Every structure is written in C-alpha cells, then in structure tokens.
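Notes for the one structure printed next.
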Amino acid sequence: MPEPTAYYEVTVRIAEKTGTATFYQSENGQFDLLYGWAAYTASMSSTLQDAMEDFRGHLQGNNPGKDISLGEPRQISKEQAERNSPNYTPPNS
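Quick note, in my numbering, the sequence shown goes up one by one and the last residue is 417.
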C-alpha cells in the first residue's frame, strides 16, 4: 500500500444500520478504502468522490433493494484513522 498522506471518514448507512468507512489518499494522489470494508474495494481512484462511488456501488450490489447512503467525507487525523480500524485496541485495555 502506498504511504497515506491524508485520511477521511464517511458515515455509511445500509437500510437501518450505520457504520464508518475510512478512506486514505496516497502519496501519489490516489484514493482508496483503508479499513473495515476490504471486500468492497476495487482499486485506487483518482478522486475521493470516485472512490466513494465505487464503494457505494459495491455495497449496493451486495445489498440489493436496500437504501445505501454515504455521508459527507471529513478529513481526520492519522490517529483517528487508526482508531477506526476494526483491529484497534485502546491503550491500557
């Protein structure tokens, strides 16, 4: 994976369920998913919006008939991106 230079989180809604997807921007300016939804990534995208639309399309394909929505992306710190990882273990836990 290319070295991330920026991180973004997006609220994901699939019908009544809500989650968070984390995207990153690589040092070469491409975007992709970072954590939690690896089955839904196809490849790096040239814009964050393209990466989000690719992700939404994969979600829709695996959840036919369900309402899929992605919130507005917001830039987050590397530390917050790490906390968004499904493998994150808080210190002293």
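The C-beta atom is built at its ideal place from N, Cα and C for all residues, glycine as well.
Every value quoted in this text rests on a predicted model; they were computed, and no experiment measured them.
- With respect to the 9 angstroms criterion, Lys402 and Tyr331 are classified as neighbours on the basis of their beta carbons.
- Pro328 places its beta carbon 9 angstroms or farther from that of Tyr359.
- DSSP lists Ser350 as the bridge partner or partners of Pro328.
- At a Cβ-Cβ threshold of 9 angstroms, Leu383 and Val334 do not count as neighbours.
- Annotated as proximal: Ile338 and Asn387, with beta-carbon spacing under 9 angstroms.
- When secondary structure is reduced to three states using DSSP, Asp356 falls in the strand class.
- One Cα belongs to Asn416, the other to Gly389, and the distance between them is close to 43 angstroms.
- One Cα belongs to Asp356, the other to Gly385, and the distance between them is close to 18 angstroms.
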